[in-house]
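Numbering (our numbering), first residue to last: 1 to 644.
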């Protein structure tokens, strides 16, 4: 039998709410930790021994609970409330004040408020199964780290963090994969003090926020005003008030005091919001009809019990962790129709001291709705790659691997990365993959593994366009002729897609000349003239040797190039204007890719109408390319033409 043997802290008597102050941007603001009136005493500890076999998980889901009392993350069976494990031990990775939590892929993201410390808040990452910590998504020393973070949601690979009581208070936005700061969301023209706490995206895809306006009254007021705001978008700051509790009575929700936790019911029509301290025993849950902006009902928590968050669970019940009062340390499951409850995690279990935020394994990280399916986030899907192998002639220029690959994702509009690798017969030092075109995504080629990595949050269309511009090249004069296989895969930040692939055959060098001849523009001469401005047809570059100017190899995708329609022009041949110094002038034509400074030939860039979203509108009046007027482009001046 395997045993888990450890010491566990017993509950402290109480935790100070305002025992630590910080200085930031010239303003002194106090850390808000728990609910009580004294400093935490030295805690007692007990020896705990448990057979690991008792942790076998039989339920279809688990419940994660952040415990303010001992700064740990506890895991329970979502169906029975039985204890499963301590995922994050007390104080691990500097956890001090766990707040908002969501599952993102294999990670549990946890807001760490760093209560009663000199540090800013942060967003930590733990493996949702093992509890192993990885680097913080947003570390406390980040230039835009949140001061006192509370609620957290993630949508379209953007993490939204309610930065409560900062200077100024805001909703901070970060890239949910890299942690890069995106910007701050603040309501324009909001007259009261904006101190956001809870966050949730509604069924209308709009962000709903609970606000505690501390400076409407004294900071320790028992009855500070409460608001629920709805942002019309996540960039402009335009908003409207859904509920408020102020003396003017507009959109008044009578029991909406110091709101924090916020979630929609399964029907998506009503908001459930935690409310506490209109007096010492008036804590509860306010139910708001979103359409009418009125309070529909109030569910009391009884006595001095209070809660900071709430979620609907797998059985349609409302789960409420009680963090202070006689029932502190319990998690209640409410039938919202009858307002009756049972303590799925009772106080007597001794597992929790002061539970604040919680999440189920299948809680949607944006809407906080419980997903009854087996997955929270559907994987992206790749399809449409050509079924026939691609022929690559020896010593030819780089060739596009796939022109027909399609990308889809039913529940996300963006992707965060992609990998393209040579899986079979990879010849290190000779085989290479690259991203053609302007650098709209970051790319990194690893010759040791034969893998090209694309990174950056971008739309599905941009990733699809980029994947259709992946180039294969072999630089050896005597390459191995084993058939290569190029494998594509993408990620939306939470889950990865299926893999699709295309084979590449290395064929005899004689195919290079044939390919080059097939690609050669059928023009009488390459002597430049000064025609009217070029048409908006497809722009290509013919490769040429530095000695003869004879087109060779270039881009072997000639069938694709010839299939692209061009707009007729009054000239028999479209050409690029050349000035009196034989330098190429700026011209309004589609983007091309060419290296005219160090290579004996110039590689064209394939233009596909599906890539307009990737590289911009071809009808733009601005020049899409500028070529330097120096010796490096004399060859280009003689060889750059438009496809007939």
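Built from N, CA and C at the ideal position, the CB exists for glycine as well.
Since we're looking at a predicted model, the values are computed, not measured.
Check, Outcome
"Residue range of the unbroken beta strand (DSSP E) whose run includes residue 465", "Where residue 465 is concerned, there is no enclosing beta strand (DSSP E), although the alpha helix (DSSP H) it sits in stretches over 460 to 467."
"Expected contact under 8 Å - CB spacing of residue 165 and residue 148 to nearest Å", "5 Å"
"Nearest to residue 428 (by Cα), restricted to the options 201, 414, 450, 269", "450"
"Residue 92 in three-state terms, based on DSSP", "helix"
"Three-state secondary structure assigned by DSSP to residue 354", "coil"
"Meets three-Cβ-pair contact criterion under 8 Å: the stretch 380 to 395 and the stretch 98 to 117", "no"
"Simplified DSSP assignment, three categories, for residue 457", "strand"
"Simplified DSSP state of residue 294, which is helix, strand or coil", "strand"
"Reference residue 337, options 71, 352, 456, 317, closest by Cα", "317"
"Rounded straight-line distance, which links the Cα of residue 290 to that of residue 407", "36 Å"
"Residue 366 Cβ short of 8 Å to the ligand FAD heavy atom set", "The ligand FAD is not part of the structure shown, which contains no ligands of any sort."
"Alpha-carbon spacing of residue 395 relative to residue 94, whole angstroms", "56 Å"
"Status (buried if at least 16 other CB within 10 Å, exposed otherwise) for residue 250", "Note on residue 250: pLDDT 46, under 50, position unreliable in the model; no value is reported."
"Enclosing beta strand (DSSP E) for residue 64 [first to last residue]", "62 to 67"
"Under 9 Å between C-beta atoms of residue 433 and residue 415", "no"
"Backbone secondary structure at residue 349 - three-state DSSP", "helix"
"Span of the beta strand (DSSP E) around residue 76", "72 to 77"
"Neighbour-count burial assignment, residue 168, 16 or more Cβ in a 10 Å radius", "exposed"
"Start-end ranges of the beta strand (DSSP E) lying completely within the stretch 163 to 223, minimum 3 residues", "170 to 175, 181 to 185, 196 to 201, 207 to 213"
"Residue 492 burial status per 10 Å Cβ neighbour count (16 or more: buried)", "buried"
"For residue 381 and residue 622, the rounded distance between their alpha carbons", "Below a pLDDT of 50, predicted positions are generally treated as unreliable, and residue 622, at 39, falls in that range; no measurement from the model is reported."
"Terminal residues of the beta strand (DSSP E) in which residue 272 lies", "270 to 275"
"Rounded C-alpha distance that separates residue 399 from residue 378", "32 Å"
"Nearest neighbour of residue 494, chosen from 265, 362, 507, 310 [CA to CA]", "362"
"C-alpha gap between residue 447 and residue 96, whole angstroms", "43 Å"
"Straight-line gap, residue 344 to residue 333 (C-alpha atoms, nearest Å)", "6 Å"
"Minimum C-alpha distance to residue 181 - residue among 384, 138, 310", "138"
"Identified DSSP bridge partners for residue 472", "399, 433"
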